[in-house]
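Numbering (full-length UniProt numbering), first residue to last: 1 to 551.
Note that beta-carbon positions come from the ideal geometry of N, C-alpha and C, so glycine has one too.
Report on one structure; see the data block that follows.
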């Protein structure tokens, strides 16, 4: 009896301490799964109450997605969209309930991401659309409106200085005259809002450990194939992405240059270069290790991660080994061979960020992932099968036979006949059959390659999507492993709301294209913002007729 009393007291003390820790914090704890599961009225209250939905909406929306409560998911989604459309400026934060749950949506219900992307195309958090005329074509150029405290002393000085007033007035008149006489044609640009509110923001609870945002956890083509997604990438790339990417590139070039130079220098210069190569190698390896720590399983199943770590690990090991063993023996020569090969390939990969190179690089990698992995397995099976049969027939070393079959496979016609001087009928039949199989194999490869390329060329947007997705992966890597926790809270780099310019002519064509592709359903198509159509000078009746002709 006393034992049970002692256990009850221990449990009571543990619960008391738990509640003491929870309620001693400045904010009350957020609702959890148990509260959502147990109290339906509590869930209804959150949905029906505007302030509660804003405060607890993300947790409730996440709960509904994970528990596969489709009706609740639909209700929350429509409620957030309704509040936003009711008051565009003040209620845009309700969109964050949806965008904060994008990683979970992408995993369970990716169709909602596509739906959200279409329903929030070409929107603004204002009743009226702004059109400005720019000297340069700023199509999909993104920006944020972060208001900061500024020094007003200059403006106060202008108010009481007549000389400054006259100078500024003359400069204004000169600027107007120059702009009129200039041959530059002003391009009309309309301003839109990127609807991914708080999508790229990090949790307000500061933590020096590796943290992620909805952006870094969501790799979805449905987001980045739209103007909104492309403008978001442009903002991130111009804000910090390109500077970090080129810095990483310079760091790699330093390792590449020192390691290559050490091969051709004498001992006095070689040793300092090897020491620098070791330091730079460990520096790059540090960021690769961070990726392993962040998500070991995901890292393990990505072959590019293995390539990257060997690019830095092998030259570092080679530099250490050569520094300890001064003689350039056969083992060092082999290490240098593989190290230089990996470094050269890595150097080529850095150029993938440029459009002219990156599109085709992404296309090749995408085709290899989708098609040619199975064809490579088929090629290996064919080579081993014929090597085994040839080995039995000619009684040769199996490794030699495999290598000869491989050389014959890639075009060396003498490789197979060099195995034996005696031309047996069975061997000749085997050779003919193998030749026919090679011809059929390469016909399949080239036909499949050209069909895939034609498919991507017919869908013009696919090339751009491949390039954008490549840039997204680079940005995610930079955010997670190269930016400090302090930098992730910079409003200039991670604002809650981002806007972008769009060419008016392209916007007009985009609306017609969306209608023709039937990407808007009937109800939504006829409810296109009248202010947008008016700003773009598109007749609403023509849009309806266009849609009716399609359906």
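At what residues does the beta strand (DSSP E) containing residue i begin and finish?
i	result
residue 131	131-134
residue 189	187-194
DSSP puts residue i in a beta bridge; with which residues?
i	result
residue 81	Per DSSP, none; premise fails for residue 81.
residue 142	500
Can you tell me where the alpha helix (DSSP H) with residue i in it begins and where it stops?
i	result
residue 52	50-66
residue 115	110-119
residue 241	Residue 241 -> no alpha helix (DSSP H), and no H or E assigned at all.
residue 236	227-236
residue 487	Run containing residue 487: none; DSSP gives neither H nor E here.
residue 396	Taken as a continuous stretch (DSSP letters only), residue 396 belongs to no alpha helix (DSSP H), as it is neither H nor E.
residue 97	95-99
residue 197	Neither: residue 197 is in no alpha helix (DSSP H) and is coded neither H nor E.
residue 223	221-224
Grouping DSSP H, G and I as helix and E and B as strand, with all else coil, what is residue i?
i	result
residue 124	coil
residue 214	coil
residue 303	helix
residue 492	coil
residue 284	helix
residue 357	helix
residue 87	coil
residue 204	coil
residue 536	coil
residue 326	coil
residue 265	coil
residue 295	coil
residue 391	helix
residue 473	helix
residue 510	helix
residue 464	helix
residue 564	Here the chain comprises residues numbered 1 to 551, so residue 564 is not present and cannot be evaluated.
residue 69	coil
residue 523	Bear in mind that the predicted position of residue 523 carries a pLDDT of just 49, short of 50, making it unreliable; the figure below should be weighed with that in mind. Three-state result, residue 523: helix.
residue 106	helix
residue 505	helix
residue 137	coil
residue 151	Residue confidence for residue 151 is low, a pLDDT of 48 falling below 50, so the modelled location carries little weight and cannot support an answer.
residue 531	helix
So the candidates are the options; which of them puts its Cα closest to the Cα of residue i?
i	options	result
residue 56	98, 82, 89	98
residue 244	204, 188, 353, 258	353
residue 48	72, 65, 68	72
residue 442	382, 263, 189, 485	382
residue 233	505, 536, 499, 533	499
residue 495	204, 104, 113	204
residue 474	240, 385, 491	240
residue 142	68, 193, 94, 476	193
residue 196	507, 121, 132	121
residue 535	92, 124, 109, 377	124
residue 506	137, 347, 94, 212	137
residue 479	400, 300, 431, 217	217
residue 109	62, 186, 133	62
residue 385	405, 229, 215	405
residue 277	267, 318, 246	318
residue 485	274, 132, 425, 202	202
residue 242	119, 532, 476, 533	476
residue 187	88, 135, 119	135
residue 130	102, 84, 190, 185	190
residue 88	126, 227, 390	126
residue 431	514, 390, 374	390
Do we get a CB-CB distance below 8 angstroms when we pair residue i with the residues of chain C?
i	result
residue 408	The structure shown has no chain C; it contains just one protein chain.
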